[in-house]
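A short write-up of the structure that comes next.
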Amino acid sequence: MATIELVDVAHSYDGGKSYAVQDINLTWNDGVASALLGPSGCGKTTLLKIISGLLKPSDGKVLLDGEDVTALSPRERNVAQVFQFPVVYETLNVYNNLAFPLRNRKVPEDEIDERVTRVAEILELTPHLKRRAARLGAAEKQRISMGRGIVRADTTAVLFDEPLTVIDPHQKWHLRRKLKELHKELGLTMIYVTHDQQEALTFAEQVTVMNMGEALQTGKPQDLHHRPEAPFVGYFIGSPGMNLFDATPEAQGVRVGDYIVPLSQVPQGDNLQLGIRPEYVEASMDAHDGWLEARVNRASLTGNALMAEVSGAGLNFKVIVPENSPLRSGDTLYVRFPEENTMLYQHGKLATMEAAA
Amino acid sequence: MRRILSFLGMTLYFAFLAMPLLWMLSMSFKTTDEILTVRSFIPQAFTWQNYQTVLTDPGWRSAFFNSLLYVFINTVITLIVALPAAYAFSRYKFRGDHHLFFWLLTNRMAPGAVFVLPFVQLYGREGLGLFDTHWAVALAHTLFSIPLAVWILEGFMSGIPKAIDETAYIDGYSFPGFFFKIFTPLIAPGIGVAAFFSFMFSWVEVIMASNLTRTNARPLAVALTASLGAEGWDWGVIAAVGVLTLVPGAVLIYFVRNNLAKGFALGRV
Amino acid sequence: MKQTNQRAWFFLLPALIIVAINAFIPFMTVINYSFIDKLQGLPSFWIGLENYSSVLQNNNFRQAVGRQFAFSFLVLAIQVPLGILISLGMPKKGIGATATLIAIGLPLLIPWQVVGIIWRAFTRSDLGFVPIIFNQFNYNYDAALNSADAWWTVVIMDVWHWTPLIALLCYSGLNAIPDAYYQAARIDGASRLKTFWVVTLPRLRSVLTIGILLRFMDSFRIYIEPTMVTGGGPGNTTAFMSDVLVRQAQAFNFGPAAAMSLIYFYIILIISYVFFQVLTNAGTGSDQPQEA
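Written as structure tokens, this is what we have:
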């Protein structure tokens, strides 16, 4: 168990022409369950490999408990990694698979037996111990991979690279629950890489959203949801994601399309964007002063709410209304954007605000 | 340290590989007289004469052409026939498929010397009437090349998930449409590898090629044997022929190099 | 289900037909010959197993069988590990990869006669390079007169000729192993040797199977290359089974030749089958082939 820090980490695969990740300054505290969330190609796998030691970053340092381990191999860092598809040693049985990392370190056999038995119990692999690993299903094989990760006494952290990718949907929740149990029981630092926000938000206490090689925001899942610090974060998190509009500053607010949103704090400058989540848009079937009039193009059920796709004031956006709302396609809806739930961005980051005139 | 050893080892192997070839190359640039009298890697009297002899002689030229032709025909037939067969092995499970697979291979196990005689009958006037044609050799070679091609193709095909087939049907593709527009491009490396091995084993085969032909489809093997006269061999010319036989193969490797590098793990095993 | 099974057979049909015609008819003919006595000009008559017993009692044949086994297993024992080692050392990308691939593949693409001719030229006392080398070490190398020299020449020639097949197959097989396996082994702290044993070799199983089977079958039937180099000599030292067989056929002893061919064939078949079963099941502990 250890605190992991990345200091000014950047990595280029082609000698500096383009960077897979850059400007990475992140900290994972001892024992935290965290996630790296982002779309394919955002650099999360690269980052994971830098942390585990499979990759040496072009710039920057990796610290474990304050010690610079950038030059150390994965084995020396005692960091374990579970891969996208199950990796097992096919010629060995499950027991020997789990014992493999220990045997390579010349751990005495009785200690091996103790640890393997315990790990097998935690991961529900005990009935399979004598079977050849190659013959098990994908979900069991992933559990073996996880087992190899935690079987060592000195494991500092376990990294998961989209581990549920090849698992059947109906076994995913089982494995996810296992992971949470593992974390609770062993208290290891765990970093979970995924492009699936549901996986990230249910597993992690701390989530880092990445895009195009940059770490955009790190925080608790609720924080990312309520207060996304970058348009991409707002867009990526939440289902559906945040509505985003181009905005220009006005005296008493900002203009989006043909509508002026009244605000007490106004951002300055150009390249502004206004974001508001569909569920935070206040809506009413009755007209109100100063509200935006919009026409409902489509209303569909998502989960236990009704999502309306509306157009008005030159804008297209989504609004979430209560399930029992009688809203139908073609109806008129009146909406406003409450200031406390409105996010303003400039150049892809939170905008600086000034008091309105 | 390990790198140095590995480099050293590979260099030694390449030297071992290259020496007989270089010896032959150097012989091809010497006159037979010089070959028999002086022994050195560098020719003392460098000459193109041997190559001239071979490249201008209609006998040698037609021998090369004949060999290339039947090898080409063999490769084409093999691929056309092996592709559906491999698909069947890969996608369908049926009784005895494991054994049928092995049976295909058993056809490569017969020792050539005696088995060639019934082949001559089969392709001769009493049988298919194809004696002394390129088709005869090409078809006889398919006995060896089809099993191997099926093994190789099946391996590549098994690497393509069945989901792709199913998606194609849902998208409305007919089977031929699916097979040619979607499937074949996916297994292109496999086709390249199978073509390579078909070519290789057919190009180098001597017994069938010699016995199923006479003058029309006279291949390199026969031309070579004929030139190995009782009174001393014309080593210079033979060496030149030897060097020239390497060319088609080298060209082929170049074209399929990415396919070989793509990597395959033969699936049915 | 029945329809799909029918479809499978439909796909298999062209291959099966061509192979069956080429295999079945000649096979039947040879079997026929093996049971009859066919002398020049005289009508043939059935003599049952007499050909077989005469072959099995033929001393020449028995010694050739022994030699053949020794040869095949010796070359397999050298070519397979050597081929694997080479494939590990071959570069995977860039110009080096192409050049290496072509260089390694060359011996495979030489017509077998030419292989024999090259090695004859390379090793002959009056023409070759090899005797010169040996003379430097004060050894009188002569493949025509010295049995050991002849034997090892033929073995080394086969190694030279065929190791590339194993190397090429393994090269392809290696490229099919996903990186994640090696990464996992690194994380698990495995040494290079351990990684080879637990990750690489098992995943090479399928290419090695076809490689070993091909090599066994072809080396056991070897004919033209040793004939070109040593002509079977000195004496009988390098007279393998094909050599004995050809002499029989050339003497028009069709009956015994046919019987010998079939015995020859069945030896290869049985051993190949054993190889096939062992290699297919190695490391999986099951009868059915594994899904990838």
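Chains as they are written, first to last, in the numbering used here: chain A, 1 to 357; chain B, 358 to 626; chain C, 627 to 918.
C-beta atoms are modelled at their ideal positions from N, C-alpha and C, and glycine is treated no differently.
Look at the alpha carbon of N464 (chain B) and the alpha carbon of L457 (chain B), and state the distance between them as a whole number of angstroms.
The residue labelled residue 464 (chain B) in the question sits at position 107 within the second sequence. The residue labelled residue 457 (chain B) in the question sits at position 100 within the second sequence. Cα to Cα, the separation comes out at about 11 Å.
Let me see if you follow: with CB-CB separation under 8 Å, is A80 (chain A) close to chain C or not?
Position 80 of the first sequence holds residue 80 (chain A). So, interface residue.
What does the Cβ neighbour count give for N324 (chain A), buried or exposed, with the cut at 16 atoms within 10 Å?
Locating residue 324 (chain A) in the first sequence gives position 324, where the first residue counts as 1. That one is exposed.
Taking Cβ-Cβ distances below 8 Å as the criterion, which residues of the region 86 to 117 of chain A are in contact with chain C?
V87, Y89, E90, T91, L92, F100, P101, N104, R105
Would you list the residues sitting across from T602 (chain B) in a DSSP beta bridge?
Reading the second sequence from its first residue, position 245 is the one you call residue 602 (chain B). Partner(s): none; T602 (chain B) has no beta bridge.
For L54 (chain A), which residues in chain C fall below 8 Å Cβ to Cβ?
Your numbering for residue 54 (chain A) matches position 54 in the first sequence. Correct list: Q809, R812, I813.
Kindly indicate which three-state DSSP category N304 (chain A) falls into: helix, strand or coil?
Along the first sequence, read from residue 1 onward, the residue named residue 304 (chain A) stands at position 304. Three-state DSSP puts N304 (chain A) in coil, outside helix and strand.
Taking C-alpha atoms, which residue in A:K178, A:V87, A:P338, A:V9 lies nearest to E121 (chain A)?
Along the first sequence, one-based indexing puts residue 121 (chain A) at 121. The shortest C-alpha separation from E121 (chain A) is found at A:K178.
For M358 (chain B): DSSP bridge partner residues
Start at 1 with the first residue of the second sequence, and residue 358 (chain B) comes out as number 1. Per DSSP, none; premise fails for M358 (chain B).
Please confirm whether R831 (chain C) and L905 (chain C) have their CB atoms less than 8 Å apart.
Taking the third sequence and counting its residues from 1, the one referred to as residue 831 (chain C) is at position 205. Taking the third sequence and counting its residues from 1, the one referred to as residue 905 (chain C) is at position 279. Taking 8 Å as the Cβ cut-off, R831 (chain C) and L905 (chain C) qualify as a contacting pair.
Are any of the Cβ atoms in chain A nearer than 8 Å to that of K719 (chain C)?
Along the third sequence, read from residue 1 onward, the residue named residue 719 (chain C) stands at position 93. No, no contact with chain A.
Just the Cα atoms here: how many angstroms apart are T388 (chain B) and Q739 (chain C)?
Taking the first residue of the second sequence as position 1, residue 388 (chain B) is located at position 31. Taking the first residue of the third sequence as position 1, residue 739 (chain C) is located at position 113. Near 21 Å, if we compare the C-alpha coordinates of Q739 (chain C) and T388 (chain B).
For a contact defined as C-beta to C-beta under 7 Å, what are the partners of P669 (chain C) on chain B?
As a position in the third sequence, residue 669 (chain C) is number 43, starting the count at 1. None at all; the shortest Cβ gap to chain B is about 18 Å.
Buried or exposed for A847 (chain C), going by 16 or more other Cβ atoms inside 10 Å?
In the third sequence, residue 847 (chain C) corresponds to position 221, counting from 1. In the sequence under discussion, the amino acid at residue 847 (chain C) is Arg, which differs from the Ala named in the question. Burial call: buried.
Count the other C-beta atoms from every protein chain shown that fall within 10 angstroms of the C-beta of E181 (chain A), then say buried if there are 16 or more, exposed otherwise.
By 1-based counting over the first sequence, the position of residue 181 (chain A) is 181. E181 (chain A) comes out exposed.
Under 7 Å from the C-beta of V656 (chain C): neighbouring residues of chain B
Taking the first residue of the third sequence as position 1, residue 656 (chain C) is located at position 30. Within chain B, the residues near V656 (chain C) are V471, F472, P475.
Cα-Cα separation between P39 (chain A) and L63 (chain A), rounded to whole angstroms
For the purposes of this step, residue 39 (chain A) is taken as the residue at position 39 of the first sequence. For the purposes of this step, residue 63 (chain A) is taken as the residue at position 63 of the first sequence. Taking the straight line joining both Cα atoms gives about 26 Å.
Tell me, please, whether the CB atom of P828 (chain C) is closer than 8 Å to any CB atom in chain A?
The residue you call residue 828 (chain C) lines up with position 202 of the third sequence. At least one chain A Cβ lies under 8 Å of P828 (chain C).
Cβ of K619 (chain B) within 8 Å of any chain C Cβ
Translated into positions along the second sequence, residue 619 (chain B) becomes position 262. For K619 (chain B), the answer is yes, since a Cβ of chain C falls inside 8 Å of its Cβ.
Just to confirm before moving on: does the CB-CB distance between V781 (chain C) and F697 (chain C) stay below 8 Å?
Here residue 781 (chain C) is taken as the residue at index 155 of the third sequence, counted from 1. Here residue 697 (chain C) is taken as the residue at index 71 of the third sequence, counted from 1. Closer than 8 Å, so yes.
Rounded straight-line distance, which links the Cα of F902 (chain C) to that of D913 (chain C):
On the third sequence, position 287 is the one that residue 913 (chain C) refers to. On the third sequence, position 276 is the one that residue 902 (chain C) refers to. Because the pLDDT at D913 (chain C) is just 34, under 50, the model does not fix this residue reliably, and the value given afterwards should be weighed accordingly. Going from the Cα of D913 (chain C) to the Cα of F902 (chain C) covers about 12 Å.
8 Å contact criterion, which A133 (chain A) and E90 (chain A) should meet: CB distance rounded:
Against the first sequence, residue 133 (chain A) aligns to sequence position 133. Against the first sequence, residue 90 (chain A) aligns to sequence position 90. A133 (chain A) to E90 (chain A), Cβ: 6 Å. Contact.
By a C-beta neighbour count over all protein chains shown, 10 Å radius and 16 as the cutoff for buried, is G486 (chain B) buried or exposed?
Within the second sequence, residue 486 (chain B) is the residue found at index 129, counting from 1. That one is exposed.
Any contact of the region 90 to 107 of chain A with the region 40 to 49 of chain A, i.e. 3+ C-beta pairs under 8 Å?
no
My assumption, with CB atoms under 8 Å, is that G606 (chain B) sits in contact with M565 (chain B). Please give the rounded CB distance.
Translated into the one-based positions of the second sequence, residue 606 (chain B) becomes position 249. Translated into the one-based positions of the second sequence, residue 565 (chain B) becomes position 208. Not a contact, Cβ separation roughly 19 Å.
Neighbour list for R614 (chain B) in chain C, Cβ cutoff strictly below 8 Å
Here residue 614 (chain B) refers to the residue found at position 257 of the second sequence. The contacting residues are A723, T724, L727, I728.
Backbone CA spacing between T46 (chain A) and Y13 (chain A) [nearest angstrom]
Counting from one through the first sequence, the residue named residue 46 (chain A) turns up at place 46. Counting from one through the first sequence, the residue named residue 13 (chain A) turns up at place 13. When rounded, the distance between both Cα atoms is 10 Å.
For a quick check, are the C-beta atoms of I276 (chain A) and N297 (chain A) less than 8 Å apart?
Within the first sequence, numbered from 1, the residue matching residue 276 (chain A) stands at position 276. Within the first sequence, numbered from 1, the residue matching residue 297 (chain A) stands at position 297. Taking 8 Å as the Cβ cut-off, I276 (chain A) and N297 (chain A) do not qualify as a contacting pair.
M190 (chain A) bridges to which residues according to DSSP?
Within the first sequence, numbered from 1, the residue matching residue 190 (chain A) stands at position 190. M190 (chain A) pairs with A:A33, A:V158.
Would you please verify whether the beta carbon of A769 (chain C) is less than 8 Å from any beta carbon of chain A?
For the purposes of this step, residue 769 (chain C) is taken as the residue at position 143 of the third sequence. By this cut-off, A769 (chain C) is not an interface position.
Chain C residues whose Cβ lies nearer than 8 Å to that of F83 (chain A):
The residue labelled residue 83 (chain A) in the question sits at position 83 within the first sequence. Simply A806, Q809, A810.
Within its chain, find whatever has a CB closer than 7 Å to the CB of V395 (chain B); leave out the 5 residues flanking it on each side and keep chain order.
Translated into the one-based positions of the second sequence, residue 395 (chain B) becomes position 38. These residues qualify, in order along the chain: Q401.
With H, G and I counted as helix, E and B as strand and the rest as coil, what does DSSP make of V107 (chain A)?
Counting from one through the first sequence, the residue named residue 107 (chain A) turns up at place 107. Three-state result, V107 (chain A): coil.
Going along the region 425 to 448 of chain B in order, which residues come within less than 7 Å of chain C, judged by CB to CB distance?
V438, A439, P441, A442, Y444, A445
Selection of the region 535 to 568 of chain B by Cβ proximity to chain C, strictly under 8 Å:
V550, M557, W560, V561, E562, V563, I564
Bridge partners of V79 (chain A), per DSSP?
Counting from one through the first sequence, the residue named residue 79 (chain A) turns up at place 79. A:A157, per the DSSP bridge assignment.
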